[in-house]
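Undergrad:
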Amino acid sequence: MQLNNKPKQVRHSLTLATATLLGSVSAPGYGATADDWEIDSSVLYYAEDGRVSAIEPVVRARKTIGDDEFLSFRLVVDSLTGSSANGAISTTSAQTFTKPSGDATYTTSANKTPLDPSFHDTRVALNGEWEKPLQNNLKGIFGANVSKEYDYTSLGASATLAWDFNNRNTTFTTGLSYNLDTVEPVGGIPDGLTAMPTTAAVEKARLGDSDDKTVVDVLLGVTQVIGRKTLMQFNYAYGRDDGYLTDPYKILSVVTDASTSTLAGTPYLYEQRPDSRVRNALYWKTVHQFEQDVVNFSYRYYWDDWGITSHTFDARYRYELGGGHYLMPHVRYYLQDKADFYHYKLVDGDIPRYASADYRLGDLSTTTIGLKYGMELSENSEFAVRAEIMKQQSRGSGTTFPDVDAMILQLNYSFLF
Amino acid sequence: MTKLALSCLCCSLLLAGCSLQTVKPWERDILAQKKMQLDPYPNDSYLDEHIYYSKESSSGGAGVGGGGCGCN
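For the protein sequence lines, the chains are S and E, in the order given. Residue 147 in numbering that gives the first Met the number 0 sits at position 148 of the first sequence, and the numbers go up by one each step. Residue 8 in numbering that gives the first Met the number 0 sits at position 9 of the second sequence, and the numbers go up by one each step.
1) Could you tell me which uninterrupted beta strand (DSSP E) segments, each at least 3 residues in length, are contained entirely in the segment 154-202 of chain S, listed from first to last along the chain?
2) Would you grab the beta carbon distance between Arg-59(S) and Ser-71(S) for me? Rounded to a whole angstrom, and I think it's under 8 Å.
3) Check each residue of the segment 179-205 of chain S: if its Cβ is closer than 7 Å to any Cβ of chain E, include it; give the result in chain order.
4) Sort Leu-175(S), Asp-208(S), Thr-193(S), Thr-172(S) by Cα distance to Val-182(S) and report the nearest one.
5) Which ranges does the alpha helix (DSSP H) cover as unbroken runs of at least 4 residues, wholly within the segment 56-138 of chain S, from first to last along the chain?
6) Looking at the C-beta of Tyr-45(E), does it have a partner C-beta in chain S at a distance below 8 Å?
7) Applying the 10 Å Cβ sphere with the 16-neighbour rule, what's the burial state of Gln-271(S)?
8) Assuming Asn-42(E) contacts Asp-39(S) (C-beta within less than 8 Å), just tell me the rounded distance between them.
9) Please list the partners that Glu-55(E) has in chain S, where partner means a Cβ-to-Cβ separation under 9 Å.
10) To the nearest angstrom, how far is the alpha carbon of Ala-84(S) from that of Ile-140(S)?
11) Going by other Cβ atoms of all chains shown within 10 Å of its Cβ, with 16 needed for buried, is Gly-191(S) buried or exposed?
12) Quick one: which chain A residues come within Cβ less than 7 Å of Glu-48(E)?
13) Within 7 Å: the Cβ of Arg-331(S) and any heavy atom of the ligand MN?
14) Using a Cβ-Cβ cut-off of less than 9 Å, give me the residues of the segment 227-261 of chain S that come near chain E, in sequence order.
15) Does the CB of Arg-394(S) have a neighbour CB from chain E at under 8 Å?
16) Given that Thr-419(S) touches chain E, what residues does it touch there, using C-beta distances under 9 Å?
17) Do Asp-248(S) and Pro-99(S) have their C-beta atoms within less than 8 Å of each other?
18) Could you check whether the Cβ of Glu-290(S) sits closer than 8 Å to any Cβ belonging to chain E?
19) Return the CA-CA distance between Asp-28(E) and Gln-288(S), expressed in angstroms with no decimal places.
20) Which residues share a DSSP beta bridge with His-342(S)?
21) Would you mind sorting Val-63(E) into buried or exposed? The rule is 16 or more other CB atoms within 10 Å of its CB.
22) Would you kindly work out how many angstroms separate the C-alpha atoms of Asp-211(S) and Ala-158(S), rounded to a whole number?
23) Between Thr-284(S) and chain E, is any beta-carbon pair separated by less than 8 Å?
24) For the beta strand (DSSP E) containing Glu-387(S), name the first residue and the last one.
25) Would you say Tyr-45(S) lies against chain E (beta-carbon separation less than 8 Å)?
26) Contact criterion: CB-CB distance below 8 Å. Does Leu-320(S) meet it with respect to chain E?
27) Thinking C-beta only, is Glu-387(S) closer than 8 Å to His-329(S)?
28) Alpha carbon to alpha carbon, how far is Ser-44(E) from Leu-262(S)?
29) How many whole angstroms separate the CB atoms of Val-215(S) and Tyr-177(S), which I take to be in contact at a CB cut-off of 8 Å?
30) Here's the rule I'm using: 16 or more other beta-carbon atoms within 10 Å means buried, otherwise exposed. How should Thr-32(S) be labelled?
31) Do Ile-188(S) and Gly-86(S) come within 8 Å of each other at the CB atom, strictly closer than that value?
32) Just checking my contact of Leu-46(E) with Ser-41(S) at CB under 8 Å: how many whole Å lie between their CB atoms?
33) Quick one: which chain E residues come within Cβ less than 7 Å of Asp-39(S)?
34) Rounded to the nearest angstrom, what separates Leu-363(S) and Gln-391(S) at their Cα positions?
35) Going by other Cβ atoms of all chains shown within 10 Å of its Cβ, with 16 needed for buried, is Asn-144(S) buried or exposed?
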């Protein structure tokens, strides 16, 4: 048995040594030979307090198929269930809403945030990538993805070129991706800013059974080796969405007067968002190793023509415990300014052209704190577990949405196959 | 645009403030470690992106591709 294992271990060592000598800023295949698949498997459990919960297994497989040439696949199954805020405000009396299907109703108690309890879905997503050297110091990464859930289909392709120069100390990256998504909501596409029926006997105004959107993303980036222990990346990302960008399940409350929560004669309207969106992001990431520990920090500034701006800070510190064990604290902070058409509620007689009460478009902050523990099980396998808590809070003044508290638990197992 | 200009300026200052050292191929032992990659834990990154894409209104910056979702 040992005689059989030794040549493989030598091959692994030689592979890593070669990767070390030739390595650019891209990741080599750690410890893997051409015969091995590197498998990263994970299971995520995500649960919001009193709302949505999800279980999401992920399997990523990567194989060396030539000199610096890799093939990788990722399969994801995402199962969600629970309640989701429908956008309406809480009032001093119970409220009744129709379900998206239109053939049933649900009731929210007085002074409670209205949550649609019929939220459940299973999503399957498959992604493939082919990483190939194109010329000396130039490589391409070509990807395709497809995902399907009950009411949503997404098809996409992407290409990234990475050019190493300055003795492979600098890498210029440019990427392009295109996605064509189709939404087929339960109950059809509601006509934006028309009334949501409050009884199942009345049909809502519909624009059809389905609609499309296209998503184009462009990325320009520079990755720079700062020294033997420090790496930095700067990216500019531009994105454009066109088509149906409205959430067909979200509504807004209409009140009689801005100072009250007394509902108007037509109490609920379906939301309506613009049919295009131009997005921009500046992204900076740095990775630095101290004696053995590694800090990984990123910052993103985001802005779009919906009026949303945001700052995202993310820091992880890998603290080596020795013997292949490590602890990694994680802190993430997100600060968002609202979209121009975000309204907590609408006032009767003053209905704008676009409006949404989706709290995710509002003034908000997200704070995440977590800890990951990892351990090497053998030379080529690792187990890790991470637990995090996330809190979303409204930053608006006056009456605003309640906090969203969530728990994130994830198990990872990586091995060669 | 003011914020954009400030962000660009901050990034430039940060880069300028770091003394760049040309690292030779035989000095890449540390940079070649998995934990020193830009994305050393790809499943963690994928799952985080999925969570925050679903719960916030900003996306993108780290790369392109990966696919969309309804995420209501």
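No residue lacks a Cβ here, since even glycine has one placed at the ideal position from N, Cα and C. Since the model is a prediction, treat every value here as computed from it, not as a measurement.
TA: With the structure as the only source:
1) Considered as a whole, the segment 154-202 of chain S harbours 169-182 as its complete beta strand (DSSP E) runs of no fewer than 3 residues, in chain order.
2) Indeed they touch by this definition, with Cβ atoms about 7 Å apart.
3) Asp-180, Val-182
4) Asp-208(S)
5) none
6) yes
7) buried
8) 5 Å
9) Ser-309, Thr-311, Tyr-333, Gln-335, Arg-359, Leu-363, Thr-365, Gln-391
10) Distance from the CA atom of Ala-84(S) to the CA atom of Ile-140(S), rounded to whole angstroms, is 39 Å.
11) buried
12) The structure shown contains no chain A; the protein chains it does contain are S and E.
13) You won't find the ligand MN in this model; it holds no ligand whatsoever.
14) Arg-227, Lys-228, Thr-229, Leu-230, Met-231, Gln-232, Phe-233, Asn-234, Tyr-235, Ala-236, Tyr-237, Gly-238, Asp-246, Pro-247, Tyr-248, Lys-249
15) no
16) The question about residue 419(S) has no answer here: the residues shown for chain S are numbered 0 through 416.
17) The sequence given here places Tyr at residue 248(S); Asp does not occur at that position. In this structure, Tyr-248(S) lies near Pro-99(S), with their beta-carbon atoms less than 8 Å apart.
18) no
19) 12 Å
20) As computed with DSSP, His-342(S) is found in no beta bridge at all.
21) Using a 10 angstroms sphere on the CB of Val-63(E), the tally of other CB atoms reaches 16 or more, which defines it as buried.
22) 22 Å
23) Strictly speaking, residue 284(S) in this sequence is Lys, with Thr absent from that position. Yes - at least one Cβ of chain E is within 8 Å of the one on Lys-284(S).
24) 380-393
25) yes
26) no
27) yes
28) 43 Å
29) 6 Å
30) Result: exposed.
31) No, the Cβ-Cβ distance between Gly-86(S) and Ile-188(S) is not below 8 Å.
32) Yes, they are in contact, since the Cβ atoms of Leu-46(E) and Ser-41(S) sit about 7 Å apart, within 8 Å.
33) Pro-41, Asn-42
34) 7 Å
35) buried
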